[in-house]
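Here the structure is laid out as structure tokens; the discussion comes afterwards.
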Amino acid sequence: MAPNLEDRNSVFEFVVRQGNGVKGLVDSGLSTVPEAFVQPPEERISDPIGTTLPPIDLSKLDGHGPDHDEVANQIVRAAETLGFFQVVNHGVPLHLLESLKVSAHEFFSLPPQRKAVYLADVSPSPLVKYVTSFIPEKEKALGWKDYILMQYTNDDEALQHWPQEIK
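Quick note on our numbering: the sequence shown kicks off at 6 and runs consecutively.
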């Protein structure tokens, strides 16, 4: 059952605690973004950035020369000013990226009760968490996103903790 979109507690319960996530809101047919997700004016970015950002070439991180330092500085600047960046030449094979996209799609297509198993507070694994916001209880506005977070240590441990439904 969809939450009362005017009630922050109802939205929070539906999205965060029940594991429906933002996808559950969208699937319920909402036509406007609930107030719980709207950033307060003082938190909004007021200076639009009108520049395009070139992708960062990670192949230049090999070695210890001026290219290495420049790429490291590009990453730091992008992270500090925008909070994101695009990388190229990262060495991750295309088939692996495609497999990851398929796994993500399969996970987010699961029924809410199956995804809820991996909610941060109850996940059977300390390495896998399904969340919508970093610390939703403390945020002024919830993040308009759902994601699954995995702390990678090694292949064997990753396979042991990754959700069985999408291996």
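Yeah, the Cβ is synthetic: ideal placement off N, Cα and C, and Gly gets one too.
Counted within 10 angstroms of its Cβ, other Cβ atoms place residue i as buried (16 or more) or exposed
| i | result |
| --- | --- |
| residue 107 | exposed |
| residue 36 | exposed |
| residue 17 | buried |
| residue 81 | exposed |
Between the CA atoms of residue j and residue i - distance to the nearest angstrom
| i | j | result |
| --- | --- | --- |
| residue 157 | residue 78 | 25 Å |
| residue 58 | residue 52 | 16 Å |
| residue 26 | residue 136 | 8 Å |
| residue 123 | residue 15 | 21 Å |
| residue 19 | residue 70 | 51 Å |
| residue 134 | residue 115 | 15 Å |
| residue 170 | residue 112 | 8 Å |
Backbone secondary structure at residue i - three-state DSSP
| i | result |
| --- | --- |
| residue 174 | Limits of the chain in this structure are 6 at one end and 172 at the other, which puts residue 174 out of reach. |
| residue 122 | helix |
| residue 106 | helix |
| residue 92 | strand |
| residue 134 | strand |
| residue 153 | strand |
Sequence-distant residues of its chain with Cβ nearer than 7 Å to residue i (five each side left out)
| i | result |
| --- | --- |
| residue 160 | none |
Own chain partners of residue i with C-beta closer than 6 Å, once the 5 adjacent residues on each side are dropped
| i | result |
| --- | --- |
| residue 90 | 61 and 83 |
| residue 166 | 130, 132 and 133 |
is_contact[residue i, chain D] using C-beta, thresh 8 Å
| i | result |
| --- | --- |
| residue 44 | The structure shown contains no chain D; it is built from a single protein chain. |
_Validate contact between the stretch 124 to 133 and the stretch 88 to 104 using beta carbons, cut 8 Å, 3 pairs_ = no
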